[in-house]
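Below is one structure, written out as structure tokens, with a few remarks after it.
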């Protein structure tokens, strides 16, 4: 994904679940950062992702938002492994 297409992308276009999208909207987020625009679609597709970006660029949301979107709250087994 190019920098230009990332800059024009909106959170609403990323395919996040409705509850996660409501929370994102409620806190006023509209445009994802480059790390978020690159990471969220891949993670929503179930792909493994290794991302690096400077402090303050939104890495936590880049990984947390798709994880929260894909959680099955009826599943009792681990669904996510986060290594930091």
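Numbering (the numbering used here), first residue to last: 164 to 247. Glycine residues also receive a C-beta, built at the ideal position from the N, C-alpha and C atoms.
Quick check: what's the CA-CA separation for residue i versus residue j?
i	j	result
residue 198	residue 181	21 Å
residue 216	residue 241	27 Å
residue 188	residue 195	12 Å
residue 246	residue 213	10 Å
residue 239	residue 185	25 Å
residue 192	residue 205	20 Å
Can you list, in chain order, the residues of its chain whose CB lies under 7 Å from that of residue i, leaving out five sequence neighbours each side?
i	result
residue 227	none
residue 224	199
residue 232	179, 180, 183, 207
Using only CA atoms, which one of the options lies nearest to residue i?
i	options	result
residue 190	203, 174, 201, 205	174
residue 222	172, 209, 237, 203	203
residue 209	244, 219, 236	244
residue 201	218, 172, 236	172
With burial defined as no fewer than 16 other Cβ atoms inside 10 Å of the residue's Cβ, what is the status of residue i: buried or exposed?
i	result
residue 234	exposed
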